[in-house]
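Read through the structure below, which is laid out as structure tokens, and then see the notes.
Residue numbers (this note's numbering): -17 to 222.
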């Protein structure tokens, strides 16, 4: 045996102490040949549950940052209450102009009915009372007709536009859209009607109920800013 030989044992080609396994063999920090690195168990998560890369389900709000996953649309931003209020104001102006046109027509008709009372003659005439009754009935019919027209305008404007287009003129102007939360599509006639009728029912409570419905998104603690009418219809108001 030579003192300069680094491997005094010719039967130990790795030059290691007896009982120690040779380095570079499977099980000692090196993956086996043919086994790709980056698989589970080698410190490379692949987006599986528990790996730190969770998969977001549709309808999941992302960390309360105002973004939400919606089927078909992907990740979209929930509309702010400021934009929604602005859209509502624009819609009020549009409907107000239409109301004004029909109101002018209705007032002209009511004035015509009032003038007809003067044509009934003297109260001493035999047919005076029946003439007045007929004129009064015409006036009442005119006023009821105006109320009916106003209701139809609101119905057709809000219901049909939201149902078929997902937006009214005000929402289009401010880049907003109403979609079904579980599909990402337009609400449809059923969803649009439910969303429309709930505030209308509140109108019969001295408008307080309607005001509460429109303010109800402030009470939504889910972060989706869904009003009571949105929850009933299963809709979301998003920014396009």
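No residue lacks a Cβ here, since even glycine has one placed at the ideal position from N, Cα and C.
Taking 7 Å as the cut-off, is the beta-carbon of residue i closer than that to any non-hydrogen atom of the ligand COA?
i	result
residue 183	Within the structure as shown, the ligand COA is missing, as the structure has no ligands at all.
Excluding the 5 residues flanking residue i on each side, which residues of the same chain have their C-beta closer than 8 Å to its C-beta?
i	result
residue 190	184
residue 23	With a pLDDT of only 46 at residue 23, under 50, the local geometry of the prediction cannot be trusted, and the value read off the model is given with reservation. Counting only Cβ-Cβ distances below 8 Å, and skipping sequence neighbours, we find nothing.
residue 77	135, 136 and 139
residue 125	88 and 92
Give the DSSP bridge partners of residue i, in chain order.
i	result
residue 60	220
residue 49	59
residue 158	221
Got a sec? Which residues, its chain only, sit under 6 Å from residue i by beta carbon, not counting five neighbours each side?
i	result
residue 168	148
residue 182	none
residue 192	181, 184 and 185
residue 21	Residue confidence is low: residue 21 scores 49 on pLDDT, short of 50, so the model does not pin down where it sits. No coordinate-derived value is stated.
residue 212	none
Once DSSP output is grouped into helix, strand and coil, what is the label at residue i?
i	result
residue 11	Bear in mind that a pLDDT of 48 at residue 11, under 50, signals an unreliable position, so the number given afterwards is only what the model happens to contain. Three-state result, residue 11: coil.
residue 116	helix
residue 169	coil
residue 204	coil
residue 188	coil
residue 163	coil
residue 88	helix
residue 54	coil
residue 150	coil
Among the residues of its own chain, which have a CB less than 7 Å from the CB of residue i, if the five just before and after it don't count?
i	result
residue 80	135
residue 215	169, 173, 176 and 177
residue 210	180, 195 and 198
residue 223	Outside the displayed span of the chain (-17 to 222) sits residue 223, for which this structure offers no information.
Tell me whether residue i is buried or exposed, calling it buried when 16 or more other Cβ atoms sit within 10 Å of its Cβ.
i	result
residue 93	exposed
residue 57	exposed
residue 152	buried
residue 171	exposed
residue 61	buried
residue 59	exposed
residue 54	exposed
residue 69	buried
residue 146	exposed
residue 75	exposed
residue 255	Lying outside -17 to 222, the shown extent of the chain, residue 255 is not represented and no answer is given.
* Are the region 49 to 59 and the region 121 to 135 touching by the rule of at least three beta carbon pairs closer than 8 Å? -> Counting Cβ pairs under 8 Å, fewer than three are found: no touch.
* Could you tell me whether the region 82 to 92 touches the region 199 to 218, using the rule of 3 or more Cβ pairs below 8 Å? => No, they do not touch.
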